[in-house]
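With the numbering used here, letter number 83 in the sequence shown gets 782, and the count goes up by one each step, no holes. Note that the Cβ used here is the ideal one computed from N, Cα and C, for glycine as well. Owing to the predicted nature of the structure, the values given are computational and were not obtained by experimental measurement.
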Amino acid sequence: MSDYTYFPLELGQYQVYEVSETRYNIPNIEIQAKYYIKEEVNEVYENPTKDKVYKIQRFKKQDLAHPWKIDSVWSSQLFANRAIRTENNITQVKLVFPIQSGQYWNRNEYNNLNVEKNIYQNIGESFAVNGNYFNNTVSVYLKNDSSLITKNVHFEVYAPTYGMIYSEKMVLAYCQSSPTCIGKNQIDFGVVRKIKLLEKGISK
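Structural data, given as structure tokens:
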């Protein structure tokens with residue numbers, strides 16, 4: 700199985716994701732939101748350096764009963780040693796090849812943001828999304844920092860032929876205002892965002 704199958708790119712290819720978000724605000728207020736994103740490769744072209752570029756139209760809607768509305772246009776490129784993606788004019792290295800456990804790379808190599816070390820973990824493991832099991836997955840950890848004060852975890856899970864099947868980002872600050880809450884994982888404020896693959900196919 701080729702490592703490139705973890706980042707599939709094909710004209711007409713689409714993925715539909717469910718995005719759920721919970722925001723925490725003092726005092727103990729949770730604001731929940733859910734929406735859906737569809738990504739579709741609608742054009743393939745060569746850039747001035749003769750590299751193949753896959754243009755991705757992104758659509759959004761608040762529930763499955765409503766029609767899709769165009770949200771943005773991104774792009775992806777696949778090279779021998781890496782897969783990159785440009786999101787809102789920011790180019791990031793999503794994967795590097797070959798996929799090896801414990802391998803680090805700088806996600807922000809192609810932009811002016813601070814160095815962000817990513818690492819491969821959980822290579823070859825099964826992963827469940829909405830009751831569907833995906834084999835031979837690989838996880839990419841962008842952040843994995845936790846303490847009694849904060850939690851900052853961000854990871855993506857990729858499966859062969861499907862691409863990204865799951866993403867989770869948690870940026871939380873825990874209560875420090877009283878001795879009774881310290882170390883109890885009581886959230887003062889922050890956000891949890893989960894992205895789950897619902898469907899993948901080829902448009903006709």
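Element boundaries [beta strand (DSSP E), containing G889]: For this step, residue 889 is matched to residue 190 along the sequence shown. Boundaries of the beta strand (DSSP E) around G889: I886 to I901.
With 16 other CB atoms within 10 Å as the buried threshold, where does G862 fall?
By 1-based counting over the sequence shown, the position of residue 862 is 163. It is buried - the Cβ of G862 has at least 16 other Cβ atoms within 10 Å.
The segment 866-880 in contact with the segment 889-903 per 3-pair CB rule at 8 Å: yes
T860 by DSSP, collapsed to three states: which one? Sequence index remark: in the sequence shown, residue 860 carries index 161 (1-based). Coil, per DSSP.
- Message: Here's the rule I'm using: 16 or more other beta-carbon atoms within 10 Å means buried, otherwise exposed. How should V740 be labelled?
- Response: For this step, residue 740 is matched to residue 41 along the sequence shown. It is buried - the Cβ of V740 has at least 16 other Cβ atoms within 10 Å.
(Q) Let's test the definition: count the other Cβ atoms within 10 Å of the Cβ of P747 and tell me whether it reaches 16, buried, or not, exposed. (A) Walking along the sequence shown from the start, residue 747 turns up at place 48. Exposed.
* Does the segment 836-850 come close enough to the segment 807-814 to have 3 or more Cβ pairs within less than 8 Å? -> no
Determine the direct distance from the alpha carbon of K850 to that of F778, and round the result to whole angstroms.
-> In the sequence shown, counting from the first residue as 1, residue 778 sits at position 79. In the sequence shown, counting from the first residue as 1, residue 850 sits at position 151. Each residue's Cα considered, the two are about 34 Å apart.
Checklist entry - Hey, which unbroken runs of the alpha helix (DSSP H) at 4 residues or more fall wholly within the segment 754-838? => result Those alpha helix (DSSP H) runs which fall completely within the segment 754-838 and span 4+ residues do not exist here.
**Asked** Should S775 be labelled buried (16 or more other beta-carbon atoms within 10 Å of its own) or exposed?
**Response** Within the sequence shown, numbered from 1, the residue matching residue 775 stands at position 76. Buried: at least 16 other Cβ atoms inside 10 Å.
Just to check my reading of the structure: M700 and P859 have Cβ atoms closer than 8 Å, yes? What is that Cβ distance to the nearest angstrom? Your numbering for residue 700 matches position 1 in the sequence shown. Your numbering for residue 859 matches position 160 in the sequence shown. With a Cβ gap of about 6 Å, M700 and P859 count as contacting.
task = Could you work out which residue in Y735, V795, D750 and K749 is closest to I769 when comparing CA atoms only?
result = Sequence index remark: in the sequence shown, residue 769 carries index 70 (1-based). That would be Y735, whose Cα lies nearest to the Cα of I769.
Tell me whether the beta-carbon of F888 lies closer than 8 Å to the beta-carbon of V856.
To locate residue 888, count along the sequence shown from 1; it is residue 189. To locate residue 856, count along the sequence shown from 1; it is residue 157. It is not a contact, given that the beta carbons lie outside the stated cut-off.
Query - 8 Å Cβ shell around I848 - same chain, five flanking residues per side excluded - result: Taking the first residue of the sequence shown as 1, we reach residue 848 at position 149. Contacts found: A872, Y873 and Q875.
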